[in-house]
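Trainee: Position one of the sequence shown corresponds to residue 45 (my numbering), numbered consecutively onward.
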Amino acid sequence: MNLNIKLIISVCFTLLVGITLAFNSSSSVQAEPANGKKDAGEPVEPDMHEFMEYVFQPTYKRLKQAMAAEPADRSAWKTIKADSLILAEGGNLLLLHDPEKKRKEWDAHSIEVRKAGGLLYKSAKAKDFKAAQLHYQSMLKNCNACHQQFAGGKHQLKP
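What follows is the structure, encoded as structure tokens:
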């Protein structure tokens, strides 16, 4: 067989294998689970007290200390940014939890925590302490409203 024909056949075969592999890879990434639902998040710790104690409480305590006075250096701003981002994303995690009742109110509080925490994070990125204080207060006010409604008024946070 001619060398050129062998080369053409070899190139065509390589292209065919490559296209087949690419198609199989992309279709497997887009495949839906067998039950037809997208894989949703689910709480690792379903007990809300445990979740709050180990996710929110240490973060809140660090943030409270960091927000006591205007940050003097980059490291102090970094603490505020890190903890506000954790609390903002914590609002998303709260949405994964299922309260025994009042789901709409639970979701509304969770979204407000996410929103205020996100604004606090953005204020810290901009090194705007006045705005950061405003959003910190807003976030705590919402946390306390949620605790009032869902924890019988226990665990009220102070700035």
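Here a beta-carbon is modelled for each residue, glycine too, at the ideal position from N, C-alpha and C. No experiment lies behind these values; they were computed from the predicted model shown.
1) Quick one: any contact between the segment 112 to 122 and the segment 134 to 149, if contact means 3 or more CB pairs under 8 Å?
2) Does DSSP classify PRO196 as helix, strand or coil?
3) Near ASN188, what residues of its chain come up, given a Cβ to Cβ distance below 7 Å and the 5 sequence neighbours on each side ignored?
4) Considering only their Cβ atoms, is the gap separating THR103 from LEU131 smaller than 7 Å?
5) Starting from PRO203, trace the alpha helix (DSSP H) in both directions and tell me its first and last residue.
6) Where LYS166 and MET111 are concerned, what is the direct C-alpha to C-alpha distance, given to the nearest angstrom?
7) Give me the Cα-Cα distance between SER182 and ALA160, rounded to the nearest whole angstrom.
8) Closest to GLU156 by CA distance: which of VAL99, ALA168 and LEU138 is it?
Mentor: Let me lay it out:
1) no
2) The count along the sequence shown starts at 1 and reaches residue 196 at position 152. The displayed chain sequence assigns Gly, not Pro, to residue 196. Correct three-state label for GLY196: coil.
3) The residue given as residue 188 occupies position 144 in the sequence shown. Excluding sequence neighbours, ASN188 sits near GLN200 and LEU201.
4) Along the sequence shown, one-based indexing puts residue 131 at 87. Along the sequence shown, one-based indexing puts residue 103 at 59. In this structure, LEU131 lies near THR103, with their beta-carbon atoms less than 7 Å apart.
5) Residue 203 sits at position 159 when you count from the first residue of the sequence shown. From DSSP, PRO203 is part of no alpha helix (DSSP H); its letter is neither H nor E.
6) Locating residue 166 in the sequence shown gives position 122, counting from the first residue. Locating residue 111 in the sequence shown gives position 67, counting from the first residue. Cα to Cα, LYS166 sits roughly 15 Å from MET111.
7) Start at 1 with the first residue of the sequence shown, and residue 182 comes out as number 138. Start at 1 with the first residue of the sequence shown, and residue 160 comes out as number 116. Their Cα atoms are separated by approximately 6 Å.
8) The sequence position of residue 156 within the sequence shown is 112, counting from 1. Ranking VAL99, ALA168 and LEU138 by Cα distance to GLU156 puts LEU138 first.
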